[in-house]
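J.:
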Amino acid sequence: MTGTFHHRQERLRREAEAELRDRLLPTWQNRVLQRFAVERDNGWYPLLNQFAPHTPANRPDAVLVGPTGVLVVLLRDAEPGWEDSRAAFLWTAELLAGASIGPGELTESAARTVVVHPVDHQGSRGHTGEHLAITEAELDRILGRGDELLTAADALAIARHLDSRTFDLTPIMWNPKRIPQQRGPGQAATAGLFDVRDLRRERVEHALDRPFRDWRIFLDDAQHGAVRRHYSGPARITGPAGTGKSVLALHRLAYLARRSTGPLLFTTHLSNLPKIAEAQFRSLAPHIAPRIEFTHLHAWARKFLEERGRAADVDEPQVEQALEAVWQRTELSAPLRNFRAARGYWKDEIDRVIKGRGIRSLEAYRAVPRKGRGANLPSEFRAHVWQFYCEYERALGERNVSDHNDVLMRALAELERSPLPRQYTAVVVDEVQDLTLIGLRLVHAISGDGPNQLLLVGDGQQQVYAGGWRLSEAGISLQGRGEILRRNYRNRTAIVEQAGELDAVNRFDDLDGGPTVPLRSALPVLRGGRVVEWQGDDQDEALVSALRRLDDGTAAAVLTRTNGAAEHWERVLRAAGFAVRPLDRWDGRESEPIHVGTVHRAKGTEFRSVFLPDEPLLSGGYREEREALHRQRLVALTRARDFLWIGTVVAS
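Going by the working numbering, the first residue of the sequence shown is number -4, and it counts up by one from there.
1. Whose C-beta lies closer than 7 angstroms to the C-beta of Arg634 among residues of the same chain, with five residues either side of it excluded?
2. Just to confirm, are Val491 and Gly237 a CB contact at a threshold of 9 angstroms?
3. Between the Cα of Gly434 and those of Asp346, Glu619 and Leu248, spot the shortest distance and give me the residue it belongs to.
4. Using three-state DSSP, classify Ser159 as helix, strand or coil.
5. What did DSSP end up calling Ala274 once you bin it into helix, strand or coil?
6. Pull up the CB-CB distance for Lys298 and Asp582, whole angstroms please, since I reckon it's below 8 angstroms.
7. Kindly indicate the opening and closing residues of the beta strand (DSSP E) around Ile433.
8. For the putative contact between Pro608 and Leu518, defined by C-beta atoms under 8 angstroms, what is the C-beta separation to the nearest angstrom?
9. Considering only DSSP beta bridges, list what His112 is partnered with.
10. Could you tell me whether the Cβ atoms of Phe213 and Val242 are closer together than 9 angstroms?
11. Roughly how far, in whole angstroms, is the beta-carbon of Pro258 from the beta-carbon of Arg286, given that I think they are within contact range, below 8 angstroms?
12. Is it a yes or a no for the stretch 400 to 415 touching the stretch 371 to 380, going by three-plus beta-carbon pairs under 8 angstroms?
13. Report the CB separation of Arg636 from Arg485 in whole angstroms; it is logged as a contact under 8 angstroms.
14. Is DSSP giving Arg482 helix, strand or coil here?
15. So who's on the other strand from Thr233, going by DSSP bridges?
16. Measure from the alpha carbon of Thr50 to the alpha carbon of each residue in Tyr40, Asp79 and Val65, then state which is nearest.
17. For Gln534, count the other beta carbons within 10 Å of its own beta carbon; 16 or more makes it buried, fewer makes it exposed. Which is it?
18. Quick test of the definition: if touching needs 3 or more C-beta pairs under 8 angstroms, does the stretch 325 to 337 touch the stretch 417 to 431?
19. Give me whichever residues DSSP pairs with Pro577 in a beta bridge.
20. In its own chain, which residues sit with a C-beta less than 8 angstroms from the C-beta of Val396, not counting the 5 before and 5 after it?
21. Nearest to Pro48 by CA position, among Arg81, Asp163 and Ala329, is which residue?
22. May I have the straight-line CA-CA distance separating Arg566 from Asn558, to the nearest angstrom?
23. What number of angstroms, rounded off, separates the C-alpha of Gly118 from the C-alpha of Ala73?
24. On the criterion of 16 or more Cβ atoms from any shown chain inside 10 Å, does Pro41 qualify as buried, or is it exposed?
25. Thinking just about the alpha-carbon of each residue, which of Thr161, Ser159 and Leu70 is nearest to the one in His116?
26. Bridge partners for Gln530 per DSSP, in chain order?
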């Protein structure tokens, strides 16, 4: 059988040699193209530029479509300039726009640029920011390695699409008119019989068959327009949980990176979310990932200040001691305790209202709106709060420490004094509803108001931190630029219905005037799903047993409201023999351990299965606390794609 295989390869090589004879290609290029042609048996469809060997410098010499994606190939004796390498990719990407494959339209993440040199090339090799450089002897690196991105039917469809879009590319060793059109399962014989909703669902279900890490970067056809859209200034993406806001933003980052030269920034208020987003982006577009800076906003501000010689580290134990010392002074805290006994409420008042808004005087504090903070504070009472705040600031000064708000305010002041020497091409802010107003002003100062430079991503129903603001307070105007997503791709129907029963009141202005779309109004694309509502007195045993009964234990999470509850479940699961990974240590890559952590740490994540154990309520007596708990509950419920377990402890 081996001999037969090699005889066939040799026959294909000779046929390719005859087909290429009139091209007058350099000998080494001829050998490379013959190798491409032989790979037809392995599912590769090569197309040659009709101008080769005199291909314009900014065009590919060949394009290959196969199992690992679309290869934009430049056959060059010398290293091409990055402008030519990028131009060749963009030319091909524009041709690929609109190409349909099994799970939907093709995205640019499936394409990459490869420069092939002769075997004796002495220049640099390996990955650059624009392409992979190899020699003729290393073709197995691109033809025999990598994850399968395209099925045989998808590869053929894309190759045909390219052949039909331009006269510049000509098939080598395959005739698009002779290979029968392959139909997907259930595809109607007449295009006019398609139901768009059924077709979308079929494509999504096809995507579900791929590894879970691929599902987490799935983009539906309906979202492609937002990825490629031109915005004349700051823009926003909003919509209920599960509608693909963050994934769309990552695809847009990849799209903009391909068309620019400068750095790009993905940031958010949450410390673990950038790590998860970076892992997703590396699955999406590994070769341009080094161009994107993934960091939470406080870390960006600290690094920026260090580079300017204005270091501002945060010693959290010292900050906590400063607050506690002031709280223990009865003459300062007694009026506050009488109004609201919880110290945490007044800490939030400082963090999210006074310092979070950059308020510098009692007069300004008396007038400021306190959206999402519950009961109104009379003007005369705010003087007590202001005095408490001033003493807190004095306590920080005595300890020579800064809190997180200080870092953001100093970074903003430094940017206003001396802007960045090199502007970011684009800045994406995820979970924008959880930023403070100072944080929002800082990202605006980082990005500016230029076209496509600032994209805000968020949903007021998922706000988990206190307070609120309006974009206009940060000097940001959207003027109708943005998208409201209404289809739920993350959660199966049963889970959407369960989460939709929550009254998650939106106290956020939802990016200034954009209509709020409640989760219950979002259209779930995925059918099925299962919700188990357990009641009993031995929750530890019940949850462990349910975990063991899972058909697929990967991508499972136990989510809690508090750190103490998360620590309890880590101990329980480890004692039961499970491998456990705390969410705050997860970098977004696939793993076998059960993830355990708080709802705050779960923002921006999704799992096949989610377990929500019951835990005592420490508060929730005030309206805004109940609303916050409902929003946190909604976030927790909507992390699950296929299976949701909800515990309720009932005393025996």
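Built from N, CA and C at the ideal position, the CB exists for glycine as well.
T.: In brief:
1. Ala552, Leu554, Ala597, Thr600, Glu601, Phe602 and Val605
2. yes
3. Asp346
4. helix
5. helix
6. Going by Cβ atoms, the distance from Lys298 to Asp582 rounds to 19 angstroms, so no, they are not a contact pair.
7. Segment Leu432 to Ser442 is the alpha helix (DSSP H) holding Ile433; no beta strand (DSSP E) there.
8. Between Leu518 and Pro608 the Cβ distance is about 30 angstroms, and since that is not below 8 angstroms, they are no contact.
9. Thr130
10. yes
11. 6 angstroms
12. no
13. 6 angstroms
14. strand
15. DSSP output for Thr233 lists Gly453 and Ile479 as bridge partner(s).
16. Asp79
17. buried
18. no
19. Val591
20. Correct list, in chain order: Val309, Asp310, Gln313, Val314 and Ala317.
21. Asp163
22. 13 angstroms
23. 8 angstroms
24. By the neighbour-count definition (other C-beta atoms within 10 Å, threshold 16), Pro41 is a buried residue.
25. Scanning Thr161, Ser159 and Leu70 for the CA closest to the CA of His116 turns up Leu70.
26. Assignment of beta-bridge partners to Gln530 by DSSP yields Thr643.
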